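Chemist: Before we start, here is the structure in question, set down as structure tokens.
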Amino acid sequence: MQRQPLEQLLERLEHRNLRRLRHTVQSFPERGNRAEVIVEGRRLVDFSSNDYLGLAAHPALAAAMAECASRCGSGSGASHLVSGHGAEHAALEEELAAFTGRERALLFCTGYMANLGVMSALADRGEAALLDRLSHASLIDGGLLSGARLRRYAHCDAGAARRMLADGSRRTAVLATDGVFSMDGDVAPLAELAQAARAHGAWLVVDDAHGIGVMGPNGRGVLESAGLTAEDVPALVGTLGKAFGSFGAFVAGPSALIELLLQKARSYMYTTALPQPVAAATREALRIAQRERWRRERALELARRFRAAAGQAGVALADSATPIQPIPLGSAGAALRAQQALRAAGFWVVAIRAPTVPEGRERLRVTLTAAHREDQVDALVEALSRVCAR
Ligand SMILES: *Cc1c(COP(=O)(O)O)cnc(C)c1O
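Using numbering that gives the first Met the number 0, the letters of the sequence shown correspond one by one to residues 0 to 389.
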């Protein structure tokens with residue numbers, strides 16, 4: 000393409016307040032967490048990460064990584080199906096299967112790739128794939144990659160999903176949803192969706208990227224909080240770069256599903272295996288998350304504290320009982336201005352704009368983690384009450 004059209008495209012994005020910029024963020028692992036970061040020379044409290052359990056800068060994860068690297072080296076050298084599958088991967092897969100109460104688990108390099116893999120393996124041309132309207136981009140892209148016809152039901156509307164399952168001219172192969180919605184913090188109506196999927200013979204895929212490690216009495220995610228079994232929800236996707244402070248993702252489910260993914264999921268087959276030191280760090284995270292339940296209790300307690308204080312201060316929040324707390328602002332410009340004002344006040348809270356959320360639904364997305372202190376949460380609410388109170 001010629002130069003001029005690209006520049007015009009970028010200018011148009013800029014003009015609509017939709018141009019994205021990166022900022023280089025420095026954290027302080029010597030403190031054992033990354034609640035505070037330095038962004039372009041300024042110290043800020045980070046209320047934008049998905050590091051819900053405060054593990055991303057935990058010294059035990061770094062130590063596990065270093066120890067494994069000294070034994071196994073840094074790179075895997077090949078894909079899992081060639082010669083890249085190591086003992087650390089195998090051990091982590093077994094531990095993830097046990098943690099989620101499923102027959103087997105399969106490691107992917109990222110959650111994005113796990114969703115591409117599971118959707119494209121389970122749905123085919125000539126079939127339909129049914130998704131919540133606010134599903135994560137990776138589920139949508141996986142549906143597109145499968146060649147199936149994509150159909151989307153109204154957000155969290157299990158009745159609408161059921162009607163679409165019943166009225167389709169094509170067989171619906173897969174019904175897929177986020178567990179905790181990444182930009183809204185609300186939870187899918189999983190029991191109803193499970194019933195509908197089962198009644199119509201569709202696979203139910205739940206992507207619990209933001210619930211795993213955080214929600215449920217034992218941190219096993221929203222399926223545990225909803226009391227749903229592996230029969231109710233056969234395919235569970237979890238990510239390891241959020242609550243577990245590491246990197247990578249997995250699909251957990253029945254043995255035959257995992258075996259099928261090994262044969263058919265191109266985002267698994269045609270990519271180099273995750274470095275083993277990353278798997279070692281994840282194993283350590285899984286141990287810490289199970290041993291130190293205070294971490295998820297604290298993230299949820301701080302979310303309640305934030306909501307109560309915001310309510311008193313007149314800051315309008317969306318309805319969410321998870322550590323993801325959106326503040327609806329209605330336009331990209333308003334969200335960007337709020338981001339800048341908060342940054343000036345010492346907080347890193349990123350504006351979420353289209354196409355990550357629908358146009359007109361732009362927001363700030365605050366996330367609470369086990370690494371935050373109460374006084375930091377209170378100070379954030381105080382700043383928000385100045386920046387975006389009604
Ligand atoms: C972050 C996220 C992913 C992608 O996971 P990565 O490991 O970061 O690629 C998938 N699904 C949802 C719902 C997410 O929020």
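Glycine included, every Cβ here is placed at the ideal spot set by N, Cα and C. These numbers were taken from a predicted model, which means no experiment stands behind them.
1. Can you list the beta strand (DSSP E) stretches of 3 or more residues lying completely in the stretch 137-207, in chain order?
2. Specify the secondary structure class of L129 as computed by DSSP and reduced to three states.
3. Ligand 1 heavy atoms versus the CB of D183: any closer than 6 Å?
4. Cutting at 8 Å between CB atoms, please list the residues of its own chain near R282, excluding the five before and the five after it.
5. Measuring straight from C-alpha to C-alpha, what distance separates Y269 and A312?
6. Roughly how far, in whole angstroms, is the beta-carbon of F346 from the beta-carbon of L316, given that I think they are within contact range, below 8 Å?
7. Can you give the Cα-Cα distance for G210 and F98, rounded to whole angstroms?
8. Answer yes if the stretch 252-263 comes into contact with the stretch 55-75, meaning at least three C-beta pairs across the two stretches below 8 Å, and no otherwise.
9. Rounded to the nearest angstrom, how far is the Cβ of V213 from that of A175, given a contact under 8 Å?
10. Tell me whether P233 sits in a helix, a strand or coil according to DSSP, three-state version.
11. How many angstroms separate the CA atom of D156 from the CA atom of R150?
12. Nearest CA to the CA of G142: which residue from N114, D45, D206, T238?
13. With a threshold of 8 Å on Cβ separation, who are the neighbours of Q338 within its own chain once the five nearest residues in sequence on each side are excluded?
14. Leaving out five residues on either side along the sequence, give the residues of the same chain with a beta carbon under 7 Å from the beta carbon of I37.
15. Three or more C-beta pairs closer than 8 Å, one from the stretch 66-83 and one from the stretch 220-233: is that the case here?
16. Does P276 pass the burial test, meaning 16 or more other C-beta atoms within 10 Å, or should it be called exposed?
17. Is the separation between the beta-carbon of A331 and that of N16 shorter than 7 Å?
18. Secondary structure at I211, three-state DSSP: helix, strand or coil?
19. Please report the straight-line C-alpha distance between G206 and E373, rounded to a whole angstrom.
20. So what's G76 in DSSP terms, helix, strand or just coil?
21. Beta carbon of L261, beta carbon of V314: below 7 Å?
22. Measure the Cβ-Cβ separation of V221 and V186 and say whether it is below 7 Å.
23. Where do the ends of the alpha helix (DSSP H) carrying F98 lie?
24. Looking only at DSSP bridge pairs, what is G252 linked to?
25. Could you give the first and the last residue of the continuous alpha helix (DSSP H) run that contains E35?
26. Within its chain, find whatever has a CB closer than 7 Å to the CB of R169; leave out the 5 residues flanking it on each side and keep chain order.
27. Give a yes or no on whether the C-beta atoms belonging to L121 and A172 are separated by under 7 Å.
28. Can L301 and H371 be called in contact, C-beta distance under 7 Å?
29. For L189, count neighbouring Cβ atoms within 10 angstroms of its own Cβ and tell me buried if that reaches 16, exposed if not.
30. Residues in the same chain with beta-carbon distance under 7 Å from K263, minus the five sequence neighbours each way, listed in chain order, please.
31. Nearest-angstrom Cα distance between Y267 and L144?
32. Roughly how many angstroms separate the alpha carbons of A279 and L235, rounded to a whole number?
33. In the stretch 266-346, which residue ranges form an unbroken beta strand (DSSP E) of at least 3 residues, counting only runs that do not cross its ends?
34. Could you compute how far the alpha carbon of A160 sits from the alpha carbon of R41?
Modeler: In short:
1. With a minimum length of 3 residues, the continuous beta strand (DSSP E) runs that stay inside the stretch 137-207 are 148-152, 171-177, 202-206.
2. The residue you call residue 129 lines up with position 130 of the sequence shown. Note: L129 maps to strand in three-state DSSP.
3. Against the sequence shown, residue 183 aligns to sequence position 184. False, no ligand heavy atom lies under 6 Å from that Cβ.
4. To locate residue 282, count along the sequence shown from 1; it is residue 283. Sequence-distant partners of R282 (beyond 5 residues in either direction) whose C-beta falls short of 8 Å from its own C-beta, in its chain, are A63, E87, A90, L91, E94.
5. Here residue 269 refers to the residue found at position 270 when the sequence shown is read from its first residue. Here residue 312 refers to the residue found at position 313 when the sequence shown is read from its first residue. Each residue's alpha carbon lies about 51 Å from the other.
6. Within the sequence shown, numbered from 1, the residue matching residue 346 stands at position 347. Within the sequence shown, numbered from 1, the residue matching residue 316 stands at position 317. Here F346 is actually not in contact with L316; their C-beta atoms are around 16 Å apart, not less than 8 Å.
7. In the sequence shown, the residue the question calls residue 210 occupies position 211. In the sequence shown, the residue the question calls residue 98 occupies position 99. Those two C-alpha atoms are separated by around 14 Å.
8. Fewer than three pairs of CB atoms, one per stretch, sit closer than 8 Å, so the stretch 55-75 makes no contact with the stretch 252-263.
9. Locating residue 213 in the sequence shown gives position 214, where the first residue counts as 1. Locating residue 175 in the sequence shown gives position 176, where the first residue counts as 1. Actually they are not in contact, since the Cβ atoms of V213 and A175 sit about 20 Å apart, beyond 8 Å.
10. Here residue 233 refers to the residue found at position 234 of the sequence shown. DSSP places P233 outside both helix and strand once states are collapsed to three, so it counts as coil.
11. On the sequence shown, residue 156 is found 157 positions in, with the first residue counted as 1. On the sequence shown, residue 150 is found 151 positions in, with the first residue counted as 1. Straight-line measurement puts the Cα of R150 at about 13 Å from the Cα of D156.
12. For the purposes of this step, residue 142 is taken as the residue at position 143 of the sequence shown. Check the Cα spacing between G142 and each of N114, D45, D206, T238: the tightest is with N114.
13. Walking along the sequence shown from the start, residue 338 turns up at place 339. Apart from the 5 residues on each side of it in sequence, Q338 sits with its Cβ closer than 8 Å to the Cβ of V348, V349, A350, L363 in its chain, given in chain order.
14. Counting from 1 along the sequence shown, the entry for residue 37 is found at position 38. Q25, listed in sequence order.
15. By the C-beta criterion, the stretch 66-83 is judged not to be in contact with the stretch 220-233, since fewer than 3 inter-stretch pairs fall below 8 Å.
16. Within the sequence shown, the letter at position 277 stands for residue 276. Counting of Cβ neighbours within 10 angstroms places P276 among the buried residues, the total reaching 16 or more.
17. Sequence index remark: in the sequence shown, residue 331 carries index 332 (1-based). Sequence index remark: in the sequence shown, residue 16 carries index 17 (1-based). Contact flag set, yes.
18. Along the sequence shown, one-based indexing puts residue 211 at 212. Coil, per DSSP.
19. The residue labelled residue 206 in the question sits at position 207 within the sequence shown. The residue labelled residue 373 in the question sits at position 374 within the sequence shown. With the sequence shown as reference, residue 206 is identified as Asp, and Gly is not the correct amino acid for it. Whole-angstrom Cα-Cα distance: 30 Å.
20. In the sequence shown, the residue the question calls residue 76 occupies position 77. Note: G76 maps to coil in three-state DSSP.
21. Your numbering for residue 261 matches position 262 in the sequence shown. Your numbering for residue 314 matches position 315 in the sequence shown. Their beta carbons are not under 7 Å apart, which means L261 does not touch V314 by this criterion.
22. On the sequence shown, residue 221 is found 222 positions in, with the first residue counted as 1. On the sequence shown, residue 186 is found 187 positions in, with the first residue counted as 1. Yes, they are a contact pair.
23. Numbered from 1 along the sequence shown, position 99 holds the residue referred to as residue 98. Run containing F98: 86-99, per the alpha helix (DSSP H) assignment.
24. Position 253 of the sequence shown holds residue 252. DSSP output for G252 lists R103 as bridge partner(s).
25. For the purposes of this step, residue 35 is identified with residue 36 of the sequence shown, where counting begins at 1. E35 -> not in any alpha helix (DSSP H); beta strand (DSSP E) instead, spanning 35-38.
26. Counted from its first residue, the sequence shown places residue 169 at position 170. Beyond the five residues adjoining it in sequence on each side, R169 comes within less than 7 Å, by CB distance, of G125, E126, A127, R148 in the same chain, given in chain order.
27. Counting from one through the sequence shown, the residue named residue 121 turns up at place 122. Counting from one through the sequence shown, the residue named residue 172 turns up at place 173. Closer than 7 Å, so yes.
28. For the purposes of this step, residue 301 is taken as the residue at position 302 of the sequence shown. For the purposes of this step, residue 371 is taken as the residue at position 372 of the sequence shown. Annotated as proximal: L301 and H371, with beta-carbon spacing under 7 Å.
29. Residue 189 sits at position 190 when you count from the first residue of the sequence shown. Looking at its Cβ environment, which holds 16 or more other Cβ atoms inside 10 Å, L189 is buried.
30. The residue you call residue 263 lines up with position 264 of the sequence shown. A120, listed in sequence order.
31. On the sequence shown, residue 267 is found 268 positions in, with the first residue counted as 1. On the sequence shown, residue 144 is found 145 positions in, with the first residue counted as 1. Cα to Cα, Y267 sits roughly 14 Å from L144.
32. Translated into positions along the sequence shown, residue 279 becomes position 280. Translated into positions along the sequence shown, residue 235 becomes position 236. A straight line joining the alpha-carbon of A279 with that of L235 spans about 22 Å.
33. Scanning the stretch 266-346 from its first residue to its last, the whole beta strand (DSSP E) runs of 3-plus residues come out as 323-327.
34. Working through the sequence shown from its first residue, we reach residue 160 at position 161. Working through the sequence shown from its first residue, we reach residue 41 at position 42. Answer to the nearest angstrom: the Cα atoms are 47 Å apart.
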